[in-house]
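Novice: Submitted below is the structure of interest, expressed as structure tokens.
Numbering (this note's numbering), first residue to last: 33 to 164.
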């Protein structure tokens, strides 16, 4: 669920066997949230182990969240990725290291036993309030 739709239920639209979309709206400070989920085409072994493997396709989730700042001129910087990809992502997006740092998000705590798991998410933000 995203920005709203908690009490209305929600519908994820399946565009193809491997592509899904979800749209939500109606929360304070959030104009809308749009999610696109593109998966490796596991229903076809030839495509999964041939085309997707050769082209380097991976499961991908893209989230667009339009923040409503109520005419305030404050930039919001927020970045989420897997821990193992963080260093390369920070290098590939030039300006990002100038605007974000490790966030202390109240609702996303990693247990000590899971700290070595490189597939867990890392949250980077300009300020801890944005991450929360």
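Using N, Cα and C, we set each Cβ at its ideal position, and we do this for glycine too. Predicted model, so just to flag it, every value in this text is computed and none were measured.
For residue 150, which residues in the same chain have their Cβ closer than 8 Å to its Cβ, ignoring the five residues on either side in sequence?
Specialist: So the qualifying residues of the chain are 114, 115, 116.
Novice: Using only CA atoms, which one of 97, 111, 47 lies nearest to residue 71?
Specialist: 47
Novice: Please go through the same chain and pick out, in chain order, the residues whose beta-carbon is closer than 7 Å to the beta-carbon of residue 156, but skip the five residues on each side of it.
Specialist: 111, 132, 133, 134, 135
Novice: In chain order, what are the residue ranges of uninterrupted beta strand (DSSP E) at least 3 long that sit wholly in the stretch 38-96?
Specialist: 51-59, 62-70
Novice: Name, in chain order, the residues that DSSP records as bridge partners for residue 98.
Specialist: 64
Novice: Ordered along the chain, which non-local residues of its own chain (more than five positions away) have a Cβ less than 8 Å from that of residue 120?
Specialist: none
Novice: Given residue 98, which residues of its chain have a CB within under 6 Å of its CB, disregarding the five upstream and five downstream residues?
Specialist: 63, 64
Novice: For residue 163, count neighbouring C-beta atoms within 10 Å of its own C-beta (all shown protein chains included) and say buried if the count is 16 or more, exposed if not.
Specialist: buried
Novice: If you reduce the DSSP assignment to three classes, tell me which class residue 138 lands in.
Specialist: The three-state reading of DSSP puts residue 138 in coil, since its state is none of H, G, I, E or B.
Novice: Name, in chain order, the residues that DSSP records as bridge partners for residue 153.
Specialist: 114
Novice: When the Cα of residue 118 is compared with those of 153, 85, 139, 91, which residue comes out closest?
Specialist: 153
Novice: Taking all protein chains shown into account, do 16 or more other C-beta atoms lie within 10 angstroms of the C-beta of residue 38, making it buried, or fewer, making it exposed?
Specialist: Any answer about residue 38 is weak, because its pLDDT of 46 lies below 50 and its placement is not dependable; what the coordinates show is given next. Residue 38 should be labelled exposed.
Novice: With 16 other CB atoms within 10 Å as the buried threshold, where does residue 43 fall?
Specialist: exposed
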